[in-house]
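Residue numbering for the sequence shown follows UniProt numbering, beginning at 1 and increasing consecutively.
Glycine residues also receive a C-beta, built at the ideal position from the N, C-alpha and C atoms.
Note that the structure is a prediction, hence the values are computed from the model and not measured.
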Amino acid sequence: MLQCDETKLQCENCVRFGLPCDFLPPPERKEWVSRSTVAAPGVRRGRGRPRADWSRWVADCGDQTPRPADDRHPVQSSRAAAEVVQAPSPSPSPSSSSSSSSLGLSVGDLELLHHYTTVTSTTVGDARLWRDEAPRLGREHPCNFHATLSLAGYHLARLRPGDSRRYLRLAEDHYAAAARDATRMLPRLDEGNCQALYIVTVLICFTAFARGPSEGDLLLVAREGCVPWVSLLRGVRLVLETIGSASEKERLGHKMSTHLAAVSVAQGRPLEVRSRPTPKPGPGELLLAVKSVALNPADTLMRGTGLFIQAYPTVIGLDVAGVVLEVGDGVPTEPTADGVFFRPGVTRAVAYSGAVWQACDPDYGVFQERCLVPWQHAAPLPEGSGSLEWQGAATLPVSVQVPLSAWDALGLEYAGTGATKAKREALLIWGASSSVGTMGVQLARLQKNAGGSGIGAVYATAGAANLAYVKSLGADRVFDHQSPEVVDLIVAAAREDGLAIRHCFLGMGDIAPCQAVLSAFAKTEVVVAGGGAKITSAPIVPPDTKEVEGVEIIFVMPSSDKTERLAQFRKWMAQLSKYVAAGDIKPSPEPKLVGTSLDAINSGLDMLSQGVSCSKLVIQIAE
């Protein structure tokens, strides 16, 4: 046992006492004064006494961070003979610690980075935070990048004693750069850089232990004052305390929770997987843990043309299935009249993204691991629906909402509501092999079977390969939309059945043949008495579409008024839950899994833009 004033065991002592020795010779390093051991000018503290005013200490000390002798960027100064790879980095933001527009990465740096992500990070804690987020933050805050490489360098020096001097030299360079840039960022601490600064200060603390004590230092007492790691831990506390009030601390803590997202960085550019702060739900909002997402034609337009997007970067995506993690104020957590309620950590739900109505705020797009949703846009999956897998569930929100919105525009009662009517009409679903088309057929079947509807038959069109599938969903007659006689065949079939056609839902395809069918019945008693013929279109109506007398075209879109829109979505999503609970609908067309990570979204959108038939593409984000 060491007594007071004795030095630490040297290698000869280990041999003498038969102890295994892993003591490494101290690296050759420049002597410099550490911030952690400098007292404020004019103030003399007792040996080991804690400081009371840390903010004053920071102001008094100034920037006394260790610097290498070479005045160039530390990554470059020790790499004169190395082959340097330039890794582009975005321009520094006001809260960034970047001192240059790019990081110079040598082969040695890449070796350190590989060791950190595969070995060192697994020894310090949560893999997502230390393996993934810490290096990724280095793109905007190089101090994080330097701190990770420094820690890996010290780790390798201990694991590979024969090459320790080289690793220690690399580690020291990166340590100096990390400490310098972190110190410069400290006075500008805000919500934009708080996560990076917190992580780098913790990594610097880890590095202090990895470096080992200076000669003559004990665990808690150094030759001059307190050992550096104690001051560094107090520095971590300073970073947290600098945030100020309790509410700001809460916001900081929440901001340091992150997740991955497929980010849209610019119009026409592929999505990039990046780390994002996890938002906290506001009043009337849910925070979902995303399990699966479904791809829609609108997603390809948003990625390619910037449709609806007001600013980049952002996150897109409309269809999502997941688990409710948190709820904001005003969200029903107990059963309501329409049976809609959400319980954090329990409720499985599907949702239609609210991003389009939130100026495409990235927190509301669904192509990410966590997203916000207005609770009215979500449908809780009822108990007993566990057999509905995440992939199938993710296909439901848009495919159900669009036909129900069309029924509203057409003036049709939902299945099971309204007074009994004579069955005198056929409801036409054009483009019935699309996602909204197949669901339109299922919902039209329910309309036909309900007493409160005047629908006596469901007619549909599809490609020749999909006729049987569409018929299996409940269509009474299915026509090949590629047939040159398709309009005449539909009109003849309706007259044969003694029905008129005044309502058409266009899931995909051209409007002109729909107009031709409805105009053939425009002057019949049923159509005139019913208020005229109407086509509701899921695709955007081309501006050059010709008008046909007696046939109105309505583009299906929720209200632009927020109060009305939320009321609409609450009605539509409550109806979706009822249909699922009763087993009245099933995911259609059949979901096709095209990937199991956010990285697969780009290839899925590429596939969708090239054209798919009677298939709904789905990406699994989490188990």
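With distance defined between alpha-carbon atoms, name the residue in the options nearest to residue i.
i           : options                        : result
Ile535      : Arg477, Met508, Glu525         : Met508
Leu473      : Asp329, Ser435, Thr333, Gln620 : Ser435
residue 632 : Ala289, Thr438, Ser257, Asp173 : This structure leaves residue 632 out entirely; the chain is present only between 1 and 623.
Asp329      : Pro344, Ala321, Gly322         : Pro344
Met439      : His174, Lys586, Thr563, Arg274 : Lys586
Met185      : Tyr198, Val346, Asp173, Gly451 : Tyr198
Trp572      : His503, Gly306, Asp584, Val398 : Val398
Glu272      : Arg502, Ile316, Leu286         : Ile316
Ala266      : Ala179, Arg303, Val478, Ile204 : Arg303
Leu318      : Gly365, Thr336, Leu412, Pro543 : Gly365
Ile554      : Val541, Thr563, Lys546, Ala210 : Val541
Ala582      : Leu446, Cys205, Pro543         : Leu446
Val526      : Pro362, His503, Leu170         : His503
Pro281      : Ala294, Val324, Leu307         : Val324
Ser537      : Ala409, Ser483, Gly611, Asp497 : Ala409
Pro539      : Ser597, Pro513, Gly431         : Gly431
Leu307      : Arg348, Trp357, Asp480         : Trp357
His481      : Pro513, Asp497, Ala298         : Pro513
Between residue i and residue j, is the Cβ-Cβ spacing less than 7 Å?
i           : j      : result
Ala475      : Ala494 : no
Val331      : Phe342 : yes
Phe521      : Ile429 : no
Thr120      : His155 : yes
Val458      : Lys448 : yes
Ala516      : Val486 : no
Val556      : Ala533 : no
Gly374      : Glu285 : Going by the sequence as given, residue 374 is Pro instead of Gly. Cβ atoms of Pro374 and Glu285: closer than 7 Å.
Ala300      : Ser588 : Checking the sequence, you will find Thr at residue 300 rather than Ala. Not in contact: Thr300 and Ser588 (Cβ atoms no closer than 7 Å).
residue 655 : Leu427 : Absent from the structure is residue 655, since the part of the chain shown begins at 1 and ends at 623.
Thr314      : Ser257 : no
Leu112      : Gly138 : no
Val548      : Ser577 : no
Val478      : Val470 : yes
Arg570      : Gln401 : no
Below 8 Å CB to CB, which residues in the same chain sit around residue i once its five sequence neighbours on both sides are set aside?
i      : result
Ser613 : Ser433, Gly463, Ala465, Asn466
Gly580 : In the sequence under discussion, the amino acid at residue 580 is Val, which differs from the Gly named in the question. Hits under 8 Å: Ala379, Leu381, Pro382, Ser385, Leu388, Leu396.
Ser603 : Val594, Gly595
Asp606 : none
Thr305 : Gln267, Gly268
Leu203 : Ala134, Asn144, Ala147, Thr148, Ser150, Leu151, Ala178
Arg166 : Gly108
Ser483 : Leu489
Lys523 : Gly550
Within a Cβ cutoff of 6 Å, which residues of the same chain sit near residue i, ignoring the five residues on either side of it in sequence?
i      : result
Ala80  : Caution is warranted here: a pLDDT of 31 is assigned to Ala80, below 50, making its placement in the model unreliable, and no coordinate value can be reported.
Thr148 : Tyr116, Ala134, Pro135
Thr545 : Ile511
Pro41  : Legend: pLDDT at Pro41 = 41, less than 50; position of this residue unreliable, no value from coordinates given.
Since I believe residue j is in contact with residue i (beta carbons under 8 Å), could you give me their beta-carbon distance rounded to a whole number of angstroms?
i           : j      : result
Ala500      : Arg565 : No, Ala500 and Arg565 are not in contact; Cβ-Cβ is about 33 Å, not under 8 Å.
Gln568      : Tyr414 : Rounded, the Cβ-Cβ distance is 13 Å, inconsistent with contact.
residue 625 : Arg269 : Lying before the first or after the last residue shown, residue 625 is absent from the chain, which here runs from 1 to 623.
Ala196      : Ser150 : Actually they do not touch by this definition, with Cβ atoms about 15 Å apart.
Gln310      : Ala359 : 5 Å
Leu170      : Gly108 : 6 Å
Thr122      : Arg131 : 7 Å
Pro558      : Ser405 : 7 Å
Gly411      : Gly531 : 7 Å
Leu295      : Leu372 : Leu295 to Leu372, Cβ: 20 Å. No contact.
Take residue i and list the residues in its own chain whose beta-carbon comes closer than 7 Å to its own, dropping the five residues that flank it on each side.
i      : result
Asn13  : Only weak support exists for where Asn13 lies, its pLDDT of 47 falling under 50; the value from the coordinates is given anyway. Closer than 7 Å at the Cβ level, and outside the excluded window around Asn13, lies no residue.
Ala600 : Val594, Ile619
His259 : Arg276, Thr278, Gln368, Glu369, Arg370
Ala321 : Lys291, Ser292, Val350, Trp390, Ala393, Ala394
Thr333 : Val327, Phe341, Phe342, Arg343
Pro591 : Gln391, Gly392, Thr395, Lys616, Val618
Asp561 : none
Asp361 : Ala355
Ala422 : Gly454
Tyr175 : Ser150, Thr207
Is there a Cβ of chain D sitting closer than 7 Å to that of residue i, yes or no?
i      : result
Leu112 : Absent from the structure: chain D. Only one protein chain is present.
Output the residue ranges of the beta strand (DSSP E) runs that lie fully inside the segment 516 to 593 and measure 3 residues or longer, sorted by chain position. 533 to 537, 551 to 555
Can you check the segment 355 to 402 for any alpha helix (DSSP H) of at least 4 residues that lies completely inside it and give the ranges in chain order? 390 to 393
At 3 residues or longer, and completely inside the segment 413 to 480: list those beta strand (DSSP E) runs for me, N to C. 425 to 430, 455 to 462, 477 to 480
For a minimum of 3 consecutive residues, which ranges assigned as the beta strand (DSSP E) are wholly contained in the segment 99 to 184? 102 to 106
Could you tell me which uninterrupted beta strand (DSSP E) segments, each at least 3 residues in length, are contained entirely in the segment 284 to 332, listed from first to last along the chain? 285 to 294, 319 to 327
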